[in-house]
Structure formats: structure tokens, C-alpha cells
Amino acid sequence: MNGDFEEKVLRIVKCIPAGKVTTYGLIARAAGNESAARMVGWILNRMKFNPEIPAHRVVNRNGMLTGKWHFETPDLMASLLISEGIPVKNDRIDRFKSYLWIPELNHCE
DNA sequence: TCTTTGACGCTGA
DNA sequence: ATCAGCGCCAAAG
Numbered sequence: 010m011n012g013d014f015e016e017k018v019l020r021i022v023k024c025i026p027a028g029k030v031t032t033y034g035l036i037a038r039a040a041g042n043e044s045a046a047r048m049v050g051w052i053l054n055r056m057k058f059n060p061e062i063p064a065h066r067v068v069n070r071n072g073m074l075t076g077k078w079h080f081e082t083p084d085l086m087a088s089l090l091i092s093e094g095i096p097v098k099n100d101r102i103d104r105f106k107s108y109l110w111i112p113e114l115n116h117c118e
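Going by this note's numbering, the residue at position 43 of the first sequence is 52; the numbering climbs one at a time, nothing skipped.
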């Protein structure tokens with residue numbers, strides 16, 4: 010029962026489709042702990058050297074790129090998203106809702 | 001140990 | 001629309 014949450018979080022993040030994004034809160038919910046959105050960010054922070062984890066596709070509930078300062082350069086996160094076809098304006102995803110991908114645990118095996 | 005600090009999110013004023 | 005306050009819980013000092 011321990012590390013289970015982290016494992017689920019990583020599995021979910023890994024299957025976020027290119028060209029889509031999701032949020033810390035939705036991941037936390039799909040992983041079984043709705044109130045652990047902060048922990049999701051903390052886990053990703055530790056995984057930032059793992060290329061398997063597309064952490065740039067995770068934003069906060071407003072579509073803001075709050076995690077950009079944790080990448081190698083502050084512009085990297087926006088660059089990656091833009092290269093996947095997601096419009097970013099002032100550290101925020103434009104028409105955020107239309108790019109939102111809602112994770113479901115049973116969806117990504 | 002206790003305190004502060006967050007890649008967050010909800011509620012209420 | 002904006003803003004403070006709170007719950008969450010792991011890590012660092």
C-alpha cells in the first residue's frame with residue numbers, strides 16, 4: 010500500500026498522448042488520492058531526469074505551466090508543448106479545455 | 001522535533 | 001474576477 014500511489018502516477022503520466030495535457034489534480038484522482046495533487050508534482054520533480062516521463066504534459070488546473078522552472082531551461086516546457094501542437098501563451102495553454110486529457114487508470118495499461 | 005516550503009485545488013468573501 | 005485561507009503530506013534545515 011505504499012509507493013502504490015507513485016507507481017500509478019508514473020504509469021498515468023507515461024500514457025498521456027502527445028498533443029494532449031492533463032493536470033496534477035486529475036492524475037492524483039485517477040491514482041486514488043484526490044487530495045494529493047501536490048504529491049504528484051513532488052514525484053515528477055524527482056523523475057525529471059527520467060526521459061520516460063513526459064512531465065511537460067502536466068499542468069495545473071488552469072492550464073498554467075507552473076512547473077516550467079523545474080526544467081533545464083524555463084522555456085523548455087513551453088517549447089515541447091508547442092512542438093506537439095499545443096498553443097502556449099504567457100505560460101498558459103490557450104483553449105486549455107480542448108487539449109485536456111482526462112486520465113483513467115483502467116485506460117492505460 | 002518543529003517549522004517552512006512547495007510542479008495543487010477548493011471554498012468563501 | 002480576485003484574493004486570502006485551509007487541507008494535503010513529503011522533504012529539507
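Where a beta carbon is used, it is the ideal one built from N, C-alpha and C, also for glycine.
Within the same chain, show all residues whose beta-carbon is closer than 6 Å to that of residue i, passing over the 5 residues directly before and after it, in chain order.
{"i": "Ile52", "result": "Glu15 and Val18"}
{"i": "Phe80", "result": "Met86"}
{"i": "Phe105", "result": "Gly72"}
{"i": "Leu114", "result": "Ala39"}
{"i": "Met56", "result": "Ile62"}
Run through the DSSP bridge pairs and tell me what residue i is partnered with.
{"i": "Leu85", "result": "Answer is none; Leu85 lacks a bridge partner."}
{"i": "Lys98", "result": "Arg101"}
{"i": "Val67", "result": "Thr31"}
{"i": "Leu109", "result": "Val30"}
Rounded to the nearest angstrom, what separates residue i and residue j at their Cα positions?
{"i": "Asp100", "j": "Thr82", "result": "13 Å"}
{"i": "Ile111", "j": "Thr31", "result": "6 Å"}
{"i": "Pro26", "j": "Ala37", "result": "18 Å"}
{"i": "Phe58", "j": "Lys77", "result": "14 Å"}
{"i": "Ile21", "j": "Ser92", "result": "21 Å"}
{"i": "Ala39", "j": "Asn11", "result": "16 Å"}
{"i": "Cys24", "j": "Gly94", "result": "17 Å"}
{"i": "Asn54", "j": "Cys117", "result": "22 Å"}
{"i": "Leu35", "j": "Tyr108", "result": "14 Å"}
In terms of alpha-carbon separation, which member of the options lies closest to residue i?
{"i": "Leu74", "options": "Ile111, Lys23 and Ser88", "result": "Ser88"}
{"i": "Lys29", "options": "Lys77, Leu114, Arg47 and Pro63", "result": "Pro63"}
For residue i, which residues from the same chain have a beta carbon less than 7 Å from its beta carbon, with the 5 sequence-adjacent residues on both sides left out?
{"i": "Tyr33", "result": "Ala46, Val49, Gly50, Val67 and Asn69"}
{"i": "Asn42", "result": "Phe14"}
{"i": "Glu4", "result": "With the chain represented from 10 up to 118, any question about residue 4 goes unanswered, as that position is not in the structure."}
Can you name, in chain order, every residue of its own chain whose Cβ lies under 8 Å from the Cβ of residue i, other than the five neighbours on each side?
{"i": "Leu90", "result": "Val30, His65, Arg66, Leu74, Val97 and Ile102"}
{"i": "Ser44", "result": "Ala37"}
{"i": "Asp84", "result": "Lys77"}
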